[in-house]
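Undergrad: Dropping the structure in here first, questions after.
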Amino acid sequence: MSQVPRSSPYPLIEVDNALSIALSEAALCQVTQVLSKEALGFVAAEHIYSKSPFPPFKASLKDGYAVRHPLTPGIKQLVGTVTTGRSKELPPVNCDQAAYITTGAPLPPGADSVIPVEWTLETGDPGFVMISRGTQVSGQEVRQIGSDISQGELIISEGSYIGVTECALLINCGVETVQVYKRPKVAVFSTGNELVEIGSSPLFGEVYDANRPLIIAALQRMNIETVDLGIVKDDEAHVRGAFERALELADIIITSGGVSMGSHDYVKNVLEQIGKVHFGRVRMKPGKPLTFATAESCKSRSKRFIVGLPGNPVSCYVCFYLLVVPLIRKLSGHSKPHLPRVQAELLDPIRLDPERPEYHRSILQWDFERHIYQAKSTGDQSSSRLLSATKANALLILPSENKTLEKGALVSAILLECDK
Ligand code: AMP
Ligand code: MG
């Protein structure tokens, strides 16, 4: 009887190699115009410059009196009042005169400085004010035109993420609309004969589909439009049908399950039929069978990106942050597709895996005395134990070596759920 070795035809590649393969395949999405107030979560597709200086006029930094430098202490004549808002006629201020002014109001003609109200006394006569400390320099307590942001200044570079402050900055600088990269649309389905939806009662041998809700929630948090294609049975025709549908509906397709070497794992086979599999195994723990492919939609002939995530929920979660998030960031125009990394000190010893680098779920906390991140493990790292992902805000990158990393060892950590 002849014996055939049961090994995977896919070479086991390193994580960095897998990432660079996927990112080099990813071409930028198209550009679109959005209102600045609706630009949150997009990436700028152009350098954006301030339309107007800020502040747009010389403005008082304090409630007080607008005067002309040099001004010595003494009783001064009040020529009027300037408050914030539209002012048609501002009272001109000559030497030795003053105009009452509120914070943020424009300086009246002739005035170049402000005496804070704390340096003044009431005289009992509404037409005069007693100044107890004179001006030190011209421009005292005044914000000059464009002193925060000058007209034409670069405020957001192409490839930068538009977050909360960037949205406000655009409006601050009079920029009404911006060119941004369109975000990719993502179709998601789970594969597995054992999977049932929450709300139904699982029979013996069945489990709830946790991966699809996990992936969809993570995508929603990133403001990514999703197409939910449900649960697909472990059957070649069903899996193929789901991919064919998804190719017409979204730029990226994310599946979970069915990428291992089981008799009912059809995802890789089908991907070979409909497109090109770039890798099918990655040297990492968890998530070794992580698969990446590209294919074309039949109708639009557009390039699609397919990620087959492993079925165990924690493998699915780790691979999502390791590969899918950088892929989406690249396709969204982000100049820095990788999630940020920091260095952290282990709070407990960790036994390393001699075969594969491990992406260990961890809670990073800041040590305020020593100014360093400390990493606390989330405990049992079984790839089916989703509890190891809750509370985690980072993945520790643990090298593959036959030893234990002692408490206090320094490791790299990938920060999760970061947008910028
Ligand atoms: P697979 O990668 O399809 O071989 O699945 C590996 C393990 O993950 C099995 O125990 C599955 O039951 C489980 N699994 C697969 N898909 C899901 C899912 N969507 N939700 C929860 N568990 C899953
Ligand atoms: Mg399965």
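The C-terminal residue of the sequence shown carries number 1094 in my numbering, and the numbering is unbroken. Beta carbons are placed, not taken as given, at the ideal position from N, Cα and C, and that holds for glycine.
1) Would you report the Cα separation of Leu1020 and Gly961, rounded to the nearest angstrom?
2) What is the rounded straight-line gap between the Cα of Asn867 and the Cα of His938?
3) Looking at Val906 and Thr706, is the spacing between their C-beta atoms short of 9 Å?
4) When the Cα of Phe917 is compared with those of Arg680, Val941, Pro1023 and Val956, which residue comes out closest?
5) Got a sec, what are the start and stop residues for the beta strand (DSSP E) Phe953 sits in?
6) Could you have a look at Glu868 and say whether DSSP puts it in helix, strand or coil?
7) Helix, strand or coil for Glu1075? Go by DSSP, reduced to three states.
8) Taking only the alpha-carbon atoms, compute the straight-line gap between Ile927 and Phe979 and give it to the nearest angstrom.
9) Determine the burial state of Leu983: buried for a count of at least 16 other Cβ atoms within 10 Å of its Cβ, exposed for fewer.
10) Is it true that the segment 1002 to 1015 meets the segment 833 to 841, where meeting means three or more beta-carbon pairs spaced less than 8 Å apart?
11) DSSP on Tyr991, reduced to helix/strand/coil?
12) Between the segment 967 to 978 and the segment 897 to 913, can you find at least three pairs of beta-carbon atoms closer than 8 Å?
13) Does the contact criterion of 3 or more C-beta pairs under 8 Å hold for the segment 857 to 873 versus the segment 702 to 716?
14) For Leu702, name the three-state secondary structure that DSSP assigns.
15) What are the start and end residues of the alpha helix (DSSP H) that includes Ile845?
16) Within the present structure, is the beta-carbon of Asp1054 separated from the nearest heavy atom of the ligand MG by less than 8 Å?
17) Among residues of its own chain, excluding the 5 on either side of His1012, which ones have a beta-carbon nearer than 6 Å to its beta-carbon?
18) Applying the 10 Å Cβ sphere with the 16-neighbour rule, what's the burial state of Ala701?
19) Report the option in Pro1014, Tyr1047, Glu1075 and Thr1064 whose CA atom is closest to the CA atom of Glu1032.
20) Out of curiosity, what's the CA-to-CA distance linking Val753 and Ser726?
21) By DSSP, does Gly813 sit in helix, in strand, or in coil?
22) Is any heavy atom of the ligand AMP found at a distance shorter than 8 Å from the C-beta of Leu709?
23) Would you mind sorting Ser1062 into buried or exposed? The rule is 16 or more other CB atoms within 10 Å of its CB.
24) Label Pro987 either buried or exposed according to how many other C-beta atoms from any shown protein chain fall within 10 Å of its C-beta, with 16 as the threshold for buried.
25) Quick check: what's the CA-CA separation for Ser1058 versus Ala884?
26) What did DSSP end up calling Arg760 once you bin it into helix, strand or coil?
27) Regarding Asp908 and the ligand MG, is the C-beta to nearest heavy atom distance less than 8 Å?
28) Within this structure, are the beta carbons of Ala740 and Val788 separated by less than 9 Å?
29) For the structure I just gave you, are there three or more beta carbon pairs, one from the segment 799 to 814 and one from the segment 677 to 693, closer than 8 Å?
30) At what residues does the beta strand (DSSP E) containing Phe966 begin and finish?
31) Alpha carbon to alpha carbon, how far is Pro887 from Glu871? Give it in angstroms, no decimals.
32) Where does His1045 land, buried or exposed, given buried means 16+ other C-beta within 10 angstroms?
33) For Glu1080, verify whether its CB is less than 8 Å away from any heavy atom of the ligand MG.
34) Considering only heavy atoms of the ligand AMP, does any lie closer than 8 Å to the CB of Cys990?
35) Can you tell me where the alpha helix (DSSP H) holding Glu918 begins and where it ends?
36) Classify Lys942 as helix, strand or coil using the three-state DSSP reduction.
TA: Quick answer:
1) 23 Å
2) 9 Å
3) no
4) Val941
5) Gly949 to Phe953
6) coil
7) coil
8) 6 Å
9) buried
10) yes
11) helix
12) no
13) yes
14) coil
15) Val838 to Asn846
16) no
17) Pro1000
18) exposed
19) Glu1075
20) 31 Å
21) coil
22) no
23) buried
24) buried
25) 11 Å
26) coil
27) yes
28) yes
29) no
30) Thr965 to Glu970
31) 10 Å
32) exposed
33) no
34) yes
35) Glu910 to Leu923
36) helix
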